[in-house]
Structures are given as structure tokens and as C-alpha cells.
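Structure, as C-alpha cells:
4 protein chains.
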Amino acid sequence: MIHRHRIRVRYGETDKMGVVHHSVYPLYFEEARTELMRALGFAYSQLEREGTLFPLTDIGIQFKRGARYDDVLELQARLTELGPVRFRVDYRMTLLETGELLATGFTRHASTNVELRPRRLPAQVRTAFSEALEEDSRE
Amino acid sequence: MIHRHRIRVRYGETDKMGVVHHSVYPLYFEEARTELMRALGFAYSQLEREGTLFPLTDIGIQFKRGARYDDVLELQARLTELGPVRFRVDYRMTLLETGELLATGFTRHASTNVELRPRRLPAQVRTAFSEALEEDSRE
Amino acid sequence: MIHRHRIRVRYGETDKMGVVHHSVYPLYFEEARTELMRALGFAYSQLEREGTLFPLTDIGIQFKRGARYDDVLELQARLTELGPVRFRVDYRMTLLETGELLATGFTRHASTNVELRPRRLPAQVRTAFSEALEEDSRE
Amino acid sequence: MIHRHRIRVRYGETDKMGVVHHSVYPLYFEEARTELMRALGFAYSQLEREGTLFPLTDIGIQFKRGARYDDVLELQARLTELGPVRFRVDYRMTLLETGELLATGFTRHASTNVELRPRRLPAQVRTAFSEALEEDSRE
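Protein chains in written order, with my numbering: chain A, 4 to 142; chain B, 4 to 142; chain C, 4 to 142; chain D, 4 to 142.
What follows is the structure in C-alpha cells.
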């Protein structure tokens, strides 16, 4: 399942080059990931209240073309790897109006408790993630 | 006591106007405030570990002139008000090289416990803050 | 005219206190201000392309209660002062679900050219702003 | 040549997990990269004024362990690849006090003009970068 989420660029997210600063892309990915999880049936905020955290272990981004203030972006997020205490999400960022590809990227996450020690993915999350992966493999 | 602290502007702190985005000034003030407290004899990080937090209740900033990437700024921070569960810090931000005034501002803080409920300032902090205020009034 | 705009809190906007860091409020206000202008009939992004900038000269924020990750906020923005080269916008930030007031604030802006020198507000903007002010005074 | 640069963690750079948010690492890398260039004999700010920009084309970060508020970090930055219009910088981030490794990463950059079109690296930069690479290969 590819989840699509729209984000409008804030003024303060640009830098003196006139485009969105690269440190903002992880925040866009994060917002898209939160919405991907909600679309899969659970709220990450609720998961944290119950003691499960998903800190990043890796991030990678390829920047193709800059985004500008007030641009409406489409963020695609998709679960691409799943293990007992790990998962990976891939992203594509396009300009909504033209469909032009602006960036691709991924984040890898551990599943941990509040002390940031490994903890198996909650059953509900594991099921939702598995179904999302299977759905993709059937396509 | 006026504490002086230097900060060099990061690229990502600028916006498409070519100057430091106004949302970064609170981070500069915060860094200057941390160093003011250290100069007064205590570490805010340690205070938090002991259960005392200083959340903001107010902030005000006047922007005179923009700061640019790689500029070295001088941040002056000074305690200006003190109550049992409140205090205020004033700031002046200048360009180190020329002394030109870029901004002035203040922050007001509550003293709270970790649930963000009012808690009297720890005795050590109250003493340090009082002495800083008295020193200023003698000048 | 009060413009209402919704923003969902990003994870990265929180700090170790568990609430939205105060330096993020100016970004929320900015997003609300962009949408206020759009509701008044013009895009600030277009205005900048035509050489008119609205840098901040002042900001003030009162923090009542913290916002948390994934909270949906309602930002109200309203033009409250207007001069030939200046204007002011006031803000109220509430938790959408409960209506609870989280913060109030304002920003003052100059109208400038790209060299950040004073420039009279474009006629179109002045008209739109005047009508918004008059509408409020009739209420 | 490995350039070492110290950064103290700001409060606002942490998130609700209590550690530095991953979107801040690119800003730390950027600050370290600016200082690496200065150590190699040129200021990136000056280069931009002369019309040469170094936008990112790629970034990758591995997160080993979180950094906390008020921690003093050591950022190591080293040029690792060099082409006519491209270069790469590698980073290591450790906790200064203990030497513990917190993160590793890299950024790849294009050399462009102000319209973000490819432009050969200025001769001065190319020479400085070449010497830094050769020095490393001799070690």
C-alpha cells in the first residue's frame, strides 16, 4: 500500500538558496510516515503512550530538484521491509501540480521500549505491516 | 551580570530572504540562557534531571536588522525579574564584528515540576539569581 | 475577518519536555498568516516574486498550555493594524478537539523591497487588508 | 585531513524521546562542513557571494546512539570523493567526554551556479580539496 499525503512548504523551511533546506525532508518523511501508520489502522502517538518507540537507525535521501515556498508536495510512503524488531519505509516526494519527482528516500527503524532497548513490534502493528507488504507483493 | 555568548549562523537557519529566519532567534536566546545559568553556577540540564523545569510563559522579540549565514553573533543575556516561581531574562543580539544591534528580546519562565505544575525555584537557583539581580542594581 | 487554519503537530516539533518547542510557534503563525492572505485574495509567494517582502519587525507570544505530538491545532489569524508600510496580525491557537486555548500572539511586519528597504504596501494588498479591518470593526 | 569541530546540543534540538531529533544531524554535519572548508582555506559564504553553490544531491546517516541536551559533541568531517562538479564529505559524530560513537554519515554535493546548474568547482577549491584527499591517501 502506497499512502499519499500532501504538505505545503512553509516559508521558514526554505534557506538562502530559495529552496527547502535538506534538513526539512526528514520532517516531511516523518509526517508522511505518521499518516501511513494511521492509514494502516493505528496511531503512532498512541503506540508511544503504550511504551513502544520507533527511533530511526538509518536515513537516506536523494535530492533531485528543490521545492519552493508555498509549493504543494505529494509524499508517497510505503513499508518495504519488516522484521521482528525492525522495519523500513520508502518515500517519494513529487510536486503535486506537475508530478515532477523532487526526492526519494528511506528510513529504517528499530522497535524499542521507552529506554530505547529492542522490543518486538506489537502484534497489532506486525499484522498491519505484514498485510501492507503482502498487498504490495501481489501487485 | 550580563553574560556574553557567541553563536555562528548556520546555513540552514537562513530563509529565502537570505537572512536568519525569525523562528531561530528563540533557539539563540535559549542557548544564551543555558550559558547564563552555567555562568551563574548551575547547569539547567542537571536541574531538569532533578525535576525542575523552566518552560516559557512569554516571549517578545524586536527585529532590527537581519543576520546572515556565517555571521558571528554576540548574544547578551541578563536576568531582569525574579519571583518565587517566575523569572525573566532579557537579550541583546549584535553582530560581533561591528557591534551593530540586530535584535532585542525577552523570555519569561515559570518554575515547574515535570508535570509542568508550579514549583518554587530551587534554593541554589534562587540565591544565584538574587545575587545576579543585586549585582546589576549596584551598577 | 478571522481566518481559521488547522495544523497537526509533527513529532520533530516536540522537545524533551514532551510538548511543542516554543520556537515552532512562529512557524505555525507563519503558516496561518500565509493562509489568511490567501483567504484575502492574494498569495504571499506571488507578492515576493513581484518584489514585495513582509519581514517581521516584532513578535510576541503568550504560552498558556503545551501542545503535544499528533494534536490537531486550530490557528486563528486576524489583521489588527494597518499603515502605509506596516501591518499587524494577531493569533489564537487552540486545541481543535476541546477548544482549549494554548497560546496567543502577534507579529508586526514591514512592507519592503527585496533589499529590505521600506516600500508601500501594493494597492491590491492595501485594499484587501482595509476591507478585512473594516469588516471586523462592523462586528 | 580530518577536521574536528565541537557542537553543544541545544534544548530545542531534542524531541519527546529525550534525544536529538534526527532532522538536526544534517545541521550539525553542515556546520562541521563549513568549518572543514574554512580549515582548507576558503569560506563557503564567500564562495556563494561569488556565485558558486554546493547543494546536496545525497545524504545518508546511521544512528548508533542518541545525543542529549547540553551534550558536547565532536563532529569529524573529511572530504572522501572529488570530481569536476561533485564531491563527498564523510562524518563521524562522537560524544566528546567519552568518545562514544553516536552516528556516522555522508553528504554528496554538486557544484552549481546560482540557478543551480552544474558549474565546475572553482580552481582554488579544487586545489584545496585535491590536497586534502592526497594527504589522506598518504596516511
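Think of the CB as a built atom: it goes at the ideal place given N, C-alpha and C, for glycine as much as any other residue.
Chain D within 8 Å of residue i, Cβ atoms only
i        : result
Asp18(C) : yes
Cβ neighbour criterion (16 or more within 10 Å) applied to residue i
i         : result
Thr18(B)  : The sequence given here places Asp at residue 18(B); Thr does not occur at that position. The residue is buried, with at least 16 neighbouring Cβ atoms inside 10 Å.
Leu104(D) : exposed
Ala106(C) : buried
Ser140(D) : exposed
Thr101(A) : exposed
Glu138(B) : exposed
Arg9(A)   : exposed
Arg13(B)  : buried
Ser26(B)  : buried
Glu16(C)  : buried
Gly44(D)  : exposed
Ala46(D)  : exposed
Val22(C)  : buried
Ala35(C)  : buried
Ser114(B) : buried
Gly54(B)  : exposed
Gly108(B) : buried
Leu117(B) : According to the sequence as given, residue 117(B) is Val; it is not Leu. Val117(B) comes out exposed.
Val88(A)  : exposed
Ala126(B) : exposed
Pro121(C) : exposed
Val157(D) : Because chain D here runs from 4 to 142, residue 157(D) falls outside it and cannot be looked at.
Val75(D)  : exposed
Residue-level contact to chain C via CB, residue i, 8 Å cutoff
i        : result
Asp73(A) : yes
Residue i at chain B interface by Cβ criterion, 8 Å
i         : result
Glu114(D) : Checking the sequence, you will find Ser at residue 114(D) rather than Glu. Chain B contact via Cβ: absent.
Ala46(D)  : yes
Leu119(C) : yes
Under the three-state DSSP convention, the category residue i falls into
i         : result
Gly108(B) : strand
Asp93(C)  : strand
Gly44(A)  : coil
Gly63(C)  : strand
Thr115(B) : strand
Pro121(C) : strand
Val22(A)  : coil
Thr55(A)  : coil
Leu99(A)  : coil
Arg36(C)  : helix
Arg68(B)  : coil
Residues that residue i bridges to, as DSSP identifies them
i         : result
Val128(B) : Answer is none; Val128(B) lacks a bridge partner.
Thr17(D)  : Val23(D)
Leu76(B)  : Ile10(B) and Leu98(B)
Leu85(D)  : Phe90(D)
Residue-chain proximity (residue i, chain F), Cβ-Cβ < 8 Å
i         : result
Arg123(C) : Annotation note: the requested chain F is absent from the structure, which comprises protein chains A, B, C and D.
*Going along the chain, which residues of the stretch 10–39 of chain A sit with their C-beta nearer than 7 Å to a C-beta in chain B?*
Listed by position, the residues of the stretch 10–39 of chain A near chain B (Cβ gap below 7 Å) are Tyr14, Gly15, Thr17, Asp18, Lys19, Gly21, His24 and Ser26.
*Any residues in the stretch 56–85 of chain D with a beta carbon nearer than 8 Å to a beta carbon of chain A? Which ones, in chain order?*
Leu56, Pro58, Leu59, Thr60, Asp61, Ile62, Gly63, Ile64, Gln65, Phe66 and Gly69: these are the residues of the stretch 56–85 of chain D whose beta carbon lies less than 8 Å from some beta carbon of chain A, given in chain order.
*Using a Cβ-Cβ cut-off of less than 7 Å, give me the residues of the stretch 90–117 of chain C that come near chain B, in sequence order.*
The stretch 90–117 of chain C vs chain B, Cβ under 7 Å: nothing.
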